[in-house]
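**Q** First, the structure itself, so that you have it in front of you.
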Amino acid sequence: MIRIQQIGALKNALNKERASNKSIGFVPTMGALHEGHLELIRKAVSENDICICSIFVNPIQFNNKEDLEKYPRDLQSDCDKLQKAGCQMVFIPEVSEMYPEPDLAQFDFGQLDKILEGEFRPGHFNGVAIVVKKLFEIVRPDYAYFGEKDFQQLAIINRLVEMEKIPVQIIPCPTIRENDGLAMSSRNMRLTKKERAIAPQIYRSLISIKQSFNGENAAEIIQKTIQNLSKIEGLKVEYLTIVNNKTLLPFDPQNTIKDDSVALIAAFLGNVRLIDNIKLD
Ligand code: AMP
15 MIRIQQIGAL KNALNKERAS NKSIGFVPTM GALHEGHLEL IRKAVSENDI
65 CICSIFVNPI QFNNKEDLEK YPRDLQSDCD KLQKAGCQMV FIPEVSEMYP
115 EPDLAQFDFG QLDKILEGEF RPGHFNGVAI VVKKLFEIVR PDYAYFGEKD
165 FQQLAIINRL VEMEKIPVQI IPCPTIREND GLAMSSRNMR LTKKERAIAP
215 QIYRSLISIK QSFNGENAAE IIQKTIQNLS KIEGLKVEYL TIVNNKTLLP
265 FDPQNTIKDD SVALIAAFLG NVRLIDNIKL D
């Protein structure tokens, strides 16, 4: 596996591959790789001639300084995992390489980046869009792989590609979970033993929503589930909602059928913020 830090060197390496008509699959990440990331990598490896992964902790998508500072980093272990998964190239730029000067682009995603995560993390999706657009321009992938774990992020990326007419196909990938159902996340390693023990309740609550949702009772089951979760000591729900899976606007039986809806949750365990979702089809 080739490791590259400079944009120019990466472009040269990829141009050579493109010249011999090789397809390029791209997996952008922030590192601290786990099985969730590695599933994306394996899919990109199996569906393309070249798989390239980027590892870049993008400072402008963090609206919480402590979250950025505490973001786990373990480059050597990440590279070992990528190599084992069959990845051919890894791009590991410095912040100064990606942002020689501040990027002040402002994207207009309408409501999509103001609700849910956007409401609690202002500016987050603009920062994500800036870095993903930049990475797409550098890598020019044929296919780019994103996890459904970050459901709203996936919707934003699809909108970005459409708005900016970026010639890439976005491939959504299912959420990979621990055996007890907890969605894998780089943040899980910051959970204390006690928090880790209660964390699977998040997914359990989503499963129970899926079981009892009949396409009409959204408000009642959300209220009941929030009530139940609030009884768990150490867990604080930031939002829990059922939305249309395209617009991410609140479920409205007049406009959305049950099969087109998804339940989304964000919750704090201590000071670790976790998100998860379940499709209600
Ligand atoms: P991150 O490093 O958190 O920016 O994530 C990089 C990519 O991996 C994003 O497309 C995420 O949605 C995806 N991802 C993270 N965790 C999981 C998971 N548990 N299952 C599937 N994809 C994931």
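According to the numbering used here, the sequence shown holds residues 15 to 295 in order. We put the beta carbon where it would ideally sit given N, CA and C, even for glycine.
Answer with buried or exposed for Thr206, where buried requires no fewer than 16 other C-beta atoms within 10 angstroms of its C-beta.
**A** Taking the first residue of the sequence shown as position 1, residue 206 is located at position 192. The residue in question, Thr206, is exposed, as its Cβ has fewer than 16 Cβ neighbours within 10 Å.
**Q** Using DSSP with H/G/I as helix, E/B as strand and the rest coil, what is Arg191?
**A** In the sequence shown, residue 191 corresponds to position 177, counting from 1. Here Arg191 sits in strand by DSSP.
**Q** DSSP three-state call for Arg40: helix, strand or coil?
**A** Within the sequence shown, residue 40 is the residue found at index 26, counting from 1. A quick correction: the sequence has Phe, not Arg, at residue 40. If DSSP states are grouped into helix, strand and coil, Phe40 belongs with the strands.
**Q** Does the region 109–123 come close enough to the region 233–249 to have 3 or more Cβ pairs within less than 8 angstroms?
**A** Output reads no: the region 233–249 does not touch the region 109–123.
**Q** Who are Cys67's beta bridge partners in DSSP?
**A** Stepping through the sequence shown from its first residue, residue 67 is reached at position 53. DSSP lists Val41 and Val104 as partners of Cys67.
**Q** Does the Cβ-Cβ distance between Ile279 and Leu249 come in under 7 angstroms?
**A** Working through the sequence shown from its first residue, we reach residue 279 at position 265. Working through the sequence shown from its first residue, we reach residue 249 at position 235. No. Outside cutoff.
**Q** Measure the alpha-carbon distance for Ser226 versus Ala277 and round it to whole angstroms.
**A** In the sequence shown, residue 226 corresponds to position 212, counting from 1. In the sequence shown, residue 277 corresponds to position 263, counting from 1. Each residue's Cα considered, the two are about 12 angstroms apart.
**Q** Are the region 89–105 and the region 125–139 touching, with three or more C-beta to C-beta distances below 8 angstroms?
**A** In short, these stretches do not touch, since the Cβ pair count stays below three.
**Q** What did DSSP end up calling Val257 once you bin it into helix, strand or coil?
**A** Locating residue 257 in the sequence shown gives position 243, where the first residue counts as 1. Strand.
**Q** Spatial neighbours of Arg218 within its chain, please: CB distance less than 7 angstroms, with the 5 preceding and 5 following residues excluded, ordered by chain position.
**A** As a first step, residue 218 must be located in the sequence shown, where it is residue number 204. So the qualifying residues of the chain are Gly195.
**Q** Could you say which of Glu209, Cys101, Gln183 and Cys187 lies nearest to Glu359 if we only look at CA atoms?
**A** Nothing about residue 359 can be reported from this structure: the residues present for the chain run from 15 to 295 only.
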